[in-house]
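Numbering (UniProt numbering), first residue to last: 1 to 334.
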């Protein structure tokens, strides 16, 4: 069986014993976890989960472990869970937790290239099931690969023009930049043949992100700012949350912002490509703090960074485009 709950952190390539060790040793209090034996995946839950009622779902491939039992009753069901197609509060993007000793294989496996996607691939998204979404600027489409498959099972196209970025919501809706020629961000529901406009913009979104409050963020590199719109009111006017449209290097300005990331505290991280830095904006603040770049002692020099994400431990992973590498922070720095 496993716990049905949206607020979790996913750990990939881990045995149940490894997850137990992590649960006991983790600095952040953990109440429980799901261990899925069929794909060596663990779903970690924080202490806050035990304050709410949990639903246990019968599943022969998984087990659930508790350190702290929930305050309210646990309900057991063998029935399928009906999930709403409306907005969710939770995390759908992949936030793995790595050991401080983790190493990456230096030899990558190529499963998609120009013959598959076309030229100028922009935008990659991986959900908690390790389903991979990749966009092709040259062919104006998005392809989807399930975990472990080298064959795309879905192609999203029609009405798109040079998409730069994409993001997948918890209910599976795919949000795709369509701003270069069409001035909008589109939402594609499952099996849709045409997208629906959800945000009006005046240029391409080089980065897209949806936070846990169902707010959509768009980084406008050509206009040196980041906008957001409430997806429960898509007719509303986008609000500026970083930059002001002017290029600059002060704490309140951006220069060609690309990738963006919003954590569960609604702190916005921006790959400020033109300034060779990563900026961090606390919720409601227009003055950012540089958390990576040559101007910050103890970090690392960057060149034209185009992407930034945080893992389950809050460490940065940065696409350092100008240096042709991906760099990561840890408890020891970069």
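Yeah, the Cβ is synthetic: ideal placement off N, Cα and C, and Gly gets one too.
Ends of the beta strand (DSSP E) at residue i?
| i | result |
| --- | --- |
| residue 290 | 289-293 |
| residue 310 | 305-310 |
| residue 250 | Note, residue 250: premise wrong, no beta strand (DSSP E); not H, not E. |
| residue 145 | 141-145 |
| residue 269 | 268-272 |
| residue 103 | Taken as a continuous stretch (DSSP letters only), residue 103 belongs to no beta strand (DSSP E), as it is neither H nor E. |
| residue 231 | Note, residue 231: premise wrong, no beta strand (DSSP E); not H, not E. |
| residue 136 | 132-136 |
| residue 257 | 257-262 |
Applying the 10 Å Cβ sphere with the 16-neighbour rule, what's the burial state of residue i?
| i | result |
| --- | --- |
| residue 225 | buried |
| residue 114 | exposed |
| residue 196 | exposed |
| residue 34 | buried |
| residue 218 | buried |
| residue 103 | exposed |
| residue 82 | Note that residue 82 scores a pLDDT of 39, beneath 50, so its modelled location is shaky and nothing firm can be said. |
| residue 41 | buried |
| residue 101 | exposed |
| residue 282 | exposed |
| residue 289 | exposed |
| residue 322 | exposed |
| residue 325 | exposed |
| residue 312 | buried |
| residue 186 | buried |
| residue 107 | exposed |
| residue 190 | exposed |
| residue 251 | exposed |
| residue 36 | buried |
| residue 298 | exposed |
| residue 74 | Caution is warranted here: a pLDDT of 42 is assigned to residue 74, below 50, making its placement in the model unreliable, and no coordinate value can be reported. |
| residue 207 | buried |
| residue 213 | exposed |
| residue 147 | exposed |
| residue 329 | buried |
| residue 256 | buried |
| residue 111 | exposed |
| residue 265 | exposed |
| residue 314 | exposed |
Please report the Cβ distance between residue i and residue j, rounded to the nearest whole angstrom; I am assuming they are in contact, meaning their Cβ atoms lie under 8 Å.
| i | j | result |
| --- | --- | --- |
| residue 316 | residue 260 | That belief does not hold up - the Cβ atoms of residue 316 and residue 260 are roughly 13 Å apart, past 8 Å. |
| residue 166 | residue 177 | 7 Å |
| residue 268 | residue 292 | The Cβ separation is near 14 Å, so there is no contact. |
| residue 198 | residue 234 | 5 Å |
| residue 223 | residue 245 | 5 Å |
| residue 271 | residue 305 | 4 Å |
| residue 220 | residue 203 | 6 Å |
| residue 137 | residue 175 | Actually they are not in contact, since the Cβ atoms of residue 137 and residue 175 sit about 16 Å apart, beyond 8 Å. |
| residue 153 | residue 135 | Not quite, the Cβ-Cβ distance comes to about 16 Å (not below 8 Å), so this is no contact. |
| residue 94 | residue 127 | 6 Å |
| residue 275 | residue 303 | In fact, because the Cβ distance is near 11 Å, the residues do not count as touching under 8 Å. |
| residue 161 | residue 182 | 6 Å |
| residue 184 | residue 156 | Not a contact, Cβ separation roughly 15 Å. |
| residue 262 | residue 320 | Contact doesn't hold; Cβ gap of about 21 Å is too wide. |
Just reading off the alpha helix (DSSP H) that residue i is part of, what are its end residues?
| i | result |
| --- | --- |
| residue 116 | 114-117 |
Using DSSP's beta-bridge definition, name the partner residues of residue i.
| i | result |
| --- | --- |
| residue 317 | 309 and 328 |
| residue 226 | 219 and 242 |
| residue 127 | 93 |
| residue 280 | 269 and 289 |
| residue 110 | Per DSSP, none; premise fails for residue 110. |
| residue 333 | 330 |
| residue 121 | 136 |
Can you determine whether any heavy atom of the ligand MG sits closer than 7 Å to the C-beta of residue i, and answer yes or no?
| i | result |
| --- | --- |
| residue 154 | By its list of ligands, the structure shown contains no ligand whatsoever, and the ligand MG lies outside what it can speak to. |
| message | Ignoring anything shorter than 4 residues, give me the alpha helix (DSSP H) runs that lie fully in the segment 181-224, in order along the chain. | response | none
| said: Just to confirm the assignment: which complete alpha helix (DSSP H) runs, minimum length 4, are found wholly within the segment 152-183? | reply: 179-182
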